[in-house]
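Quick note on numbering: numbering that gives the first Met the number 0 labels position 36 of the sequence shown as 35, and the sequence is numbered without any gaps.
Every residue, glycine too, gets a C-beta built ideally from N, C-alpha and C.
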Amino acid sequence: MIRIGLLGAGTMTVVHNKVWQEASLAITAVWSPSRRRQRLAEHQPPYRQRGFGALCHHANILNICTPMSSHQAYTVCAAEAGLHMVGERPTGKRTSS
């Protein structure tokens, strides 16, 4: 079963959520590193998680929708957890990263 976790709870998360739903794929978890954005996620389906680790536990594909400065760290953590990743921006600023 494909289980998609959305990392972030801003505008792009809402857009990506709609795209996944149009593709008939279920979002199983949402988490944001921003407390303010996390509160917004409480009002969005499906399941708000308490932390990044919990998000990774409930997903096998991670859709990164956070500011670019955080992409590299989340990409590395997700890869170490064995997740596939989807993102629109580079995961780092240099090819060495």
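Cα-Cα separation between A22 and V85, rounded to whole angstroms: 15 Å
T74: first and last residue of the uninterrupted beta strand (DSSP E) it sits in: Here T74 belongs to no beta strand (DSSP E); instead the alpha helix (DSSP H) covers H70 to E79.
L61 to W19 span [Cα, whole Å]: 12 Å
Residue from T12, A8, G81 and P32 with nearest C-alpha to H57: G81
Cα-Cα separation between C64 and R2, rounded to whole angstroms: Going from the Cα of C64 to the Cα of R2 covers about 16 Å.
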